[in-house]
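Numbering-wise (our numbering), the sequence shown opens with residue -11 and increments by one.
Backbone N, C-alpha and C define an ideal beta-carbon position, used for all residues, glycine too.
Computed from a predicted model, the values in this text were never measured in an experiment.
See below for the structure under consideration.
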Amino acid sequence: MTEASTNHTLAAQLIQGCKDMGYSIAVAESLTGGWLASSIVDIPGASTVFRGGALTYQTQTKASVLGVSAEELEQTGPYTDSVARQMAEGVLKLYSADMAIATSGVAGPGDDGGHPAGEVHICVLTPTKQILRTVNIEGDRATVRAQSVILALAAANTALED
């Protein structure tokens, strides 16, 4: 299965799952650069559940747009589970959504602030669940970003399971 077909399948499952649960979705993206939102809106009927997304690529926009702790960003940088969680919390509030999916990490090439290329933090929040995943993805920049989207969609689908 190609990355595109995997994205399509996972995004379609997410849209249907959110419809079934009565959930709305919002996304907060950094390294995925809008790819996650794009994967969701590629699905017909996404507008019934998808509220919107925040692309907060630079560190300071994570604080100014999503309310991520500026002090924490200064101390630890943007590549932590805590920052991914704060991004998810911020986008939930920004869009008054029921589910949030957040991605942050180092797409590469090369490391950033001591964090290796391929280090990715994903957070999914629903009214009853929190999923935090830290993964290390091997490959070039495009591979890291593509796999991050797949893993974020998969985590969101997991959050919808009983």
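Contacts around residue i, its chain only, beta-carbon distance under 7 Å, and the 5 residues preceding and following it disregarded
{"i": "Asn(-5)", "result": "Ser27, Val137, Ile138, Leu141"}
{"i": "Glu126", "result": "Gly106"}
{"i": "Tyr45", "result": "Ser18, Gly21"}
{"i": "Tyr83", "result": "Ala14, Arg39, Gly40"}
Inter-residue spacing [alpha-carbon to alpha-carbon] between residue i and residue j
{"i": "Asp157", "j": "Ala(-1)", "result": "Residue 157 falls outside the range modelled here, since the chain spans only -11 to 150, and no answer is possible."}
{"i": "Gly40", "j": "Asn145", "result": "18 Å"}
{"i": "Glu149", "j": "Arg129", "result": "31 Å"}
{"i": "Gln1", "j": "Ala72", "result": "23 Å"}
{"i": "Ser70", "j": "Ile13", "result": "20 Å"}
{"i": "Ile31", "j": "Ile3", "result": "8 Å"}
{"i": "Lys117", "j": "Ile89", "result": "12 Å"}
{"i": "Gly5", "j": "Gly98", "result": "37 Å"}
{"i": "Ala34", "j": "Val15", "result": "13 Å"}
{"i": "Thr151", "j": "Val29", "result": "In the structure displayed, the chain extends from -11 to 150; residue 151 sits before or after that span and is not available."}
{"i": "Thr49", "j": "Ala134", "result": "23 Å"}
{"i": "Ala147", "j": "Thr(-3)", "result": "16 Å"}
Residue environment, residue i, which counts as buried when at least 16 other CB atoms sit within 10 Å
{"i": "Ala(-8)", "result": "exposed"}
{"i": "Thr114", "result": "buried"}
{"i": "Gly93", "result": "buried"}
{"i": "Gly96", "result": "buried"}
Close beta carbons around residue i, own chain, < 6 Å, minus the five adjacent residues each side
{"i": "Gly78", "result": "Leu54, Gly55"}
Residue i at chain B interface by Cβ criterion, 9 Å
{"i": "Ser136", "result": "Within the model displayed, chain B is absent; a lone protein chain is all it includes."}
Beta-carbon proximity check, residue i vs residue j, cutoff 9 Å
{"i": "Tyr67", "j": "Gly101", "result": "yes"}
{"i": "Leu156", "j": "Ala58", "result": "Residue 156 cannot be examined here, being either before or after the span of the chain that is shown, -11 to 150."}
{"i": "Glu19", "j": "Val132", "result": "Looking at the sequence shown, residue 19 is not Glu but Leu. Their beta carbons are under 9 Å apart, which means Leu19 touches Val132 by this criterion."}
{"i": "Thr91", "j": "Gly65", "result": "no"}
{"i": "Met87", "j": "Tyr11", "result": "yes"}
{"i": "Ile119", "j": "Val108", "result": "no"}
{"i": "Arg121", "j": "Ala85", "result": "no"}
Any non-hydrogen atom of the ligand COA within 8 Å of residue i CB
{"i": "Pro104", "result": "This structure lacks the ligand COA, and indeed carries no ligand of any kind."}
Spatial neighbours of residue i in its chain, beta-carbon cut-off 8 Å, leaving aside the 5 residues before and after
{"i": "Ala51", "result": "Ser57, Ala58, Leu61"}
At 3 residues or longer, and completely inside the stretch 12 to 99: list those beta strand (DSSP E) runs for me, N to C.
Correct list: 13 to 17, 38 to 43, 87 to 93.
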